[in-house]
Amino acid sequence: MPEGVIKIGVVSCSGENCLGGTISRLATRKMIDEIYPDKTVTICLPLFLAGGEQERMFANAYPTITVDGCDKLCAKRATEKYSGQVSDALDVSKIIGKEIAESPALSTRNLTDEQREMITKVAQEIKTKFEKVFTDYVNTLIKSGKTPASGCGCQCGG
């Protein structure tokens, strides 16, 4: 990561078995592609679980938000197990309802307008959490005498 750039990691659910997982991934993509493309990094949960050093190092050194599709909270649990406490977490089932979140997954080509609205709503919730985490992180850097240009100190080049 280039010096002076502050990024926040977003780890989304990789569950393919329920709609909540699909919505969590698509809402995370909205953060990366549309809402904060220059400030958001996604962390691949399967690679993270398989021992991906860069993913684990990033989640340990930078603020991270998890976006889980259901109340099993796999992304949050894995991140906290291998990299420490997350900065914030989102459970999609609390936003769209447990029954809807646990309904069968479907192809993104077959999403209804109502499901697209759910994706937008979840993305807005991520955005709200992101803005607080980002502000808190910048304030922490300032209080510690560091600036974004100081790098992160985790040996990742950031």
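Positions in the sequence shown are counted from 1; adding 4 to them yields the numbering used here.
Note that the Cβ used here is the ideal one computed from N, Cα and C, for glycine as well.
Since the model is a prediction, treat every value here as computed from it, not as a measurement.
Own chain, CB closer than 7 Å to residue i, minus 5 neighbours either side, in chain order
i, result
"Gly101", "none"
"Ile36", "Thr44 and Thr46"
"Ile99", "Lys125, Val126 and Glu129"
"Ala31", "Val71, Ile123, Val126, Ala127 and Ile130"
"Leu51", "Glu59"
"Asn21", "Ala109"
Where residue i falls: helix, strand or coil (DSSP)
i, result
"Cys22", "strand"
"Ile146", "helix"
"Asp37", "helix"
"Asp95", "strand"
Run of the beta strand (DSSP E) containing residue i, from where it starts to where it stops
i, result
"Ile69", "Thr68 to Asp72"
"Ser16", "Ile12 to Ser16"
"Thr44", "Thr44 to Thr46"
Min CB distance residue i to chain D below 8 Å
i, result
"Ser91", "Absent here is chain D; the protein component of the structure consists of one chain."
Candidates the options, of which the one nearest residue i by Cα
i, options, result
"Lys85", "Asp75, Ile104, Asp95 and Asn64", "Asn64"
"Met122", "Leu23, Ser16 and Val14", "Leu23"
"Ala109", "Lys131, Arg29, Asp140 and Phe62", "Arg29"
"Ala105", "Ser111, Asp95 and Arg113", "Asp95"
"Ala54", "Thr83, Val71, Thr139 and Gln119", "Thr83"
"Gly25", "Arg113, Ser107, Thr139 and Glu38", "Ser107"
"Phe62", "Gly149, Val14 and Asp140", "Val14"
"Glu103", "Asp75, Ser148, Glu135 and Asp42", "Asp75"
Own chain partners of residue i with C-beta closer than 6 Å, once the 5 adjacent residues on each side are dropped
i, result
"Asp92", "Ile69, Lys133 and Val137"
"Ile39", "Lys131"
"Pro67", "Ile12, Ser91, Val137 and Tyr141"
Segment limits, alpha helix (DSSP H) that includes residue i
i, result
"Thr83", "Cys78 to Ser87"
"Glu59", "Glu57 to Ala65"
"Ala105", "Lys102 to Ala105"
CB-CB length for residue i against residue j, believed under 8 Å
i, j, result
"Arg60", "Ser87", "5 Å"
"Ser18", "Leu49", "4 Å"
"Ile27", "Gly73", "7 Å"
Proximity test, residue i beta-carbon vs the ligand PLP heavy atom, cut-off 7 Å
i, result
"Glu84", "This structure lacks the ligand PLP, and indeed carries no ligand of any kind."
Same chain, Cβ closer than 8 Å to residue i, neighbours up to 5 away in sequence not counted
i, result
"Cys78", "Cys17, Ser18, Gly19, Leu49 and Asp72"
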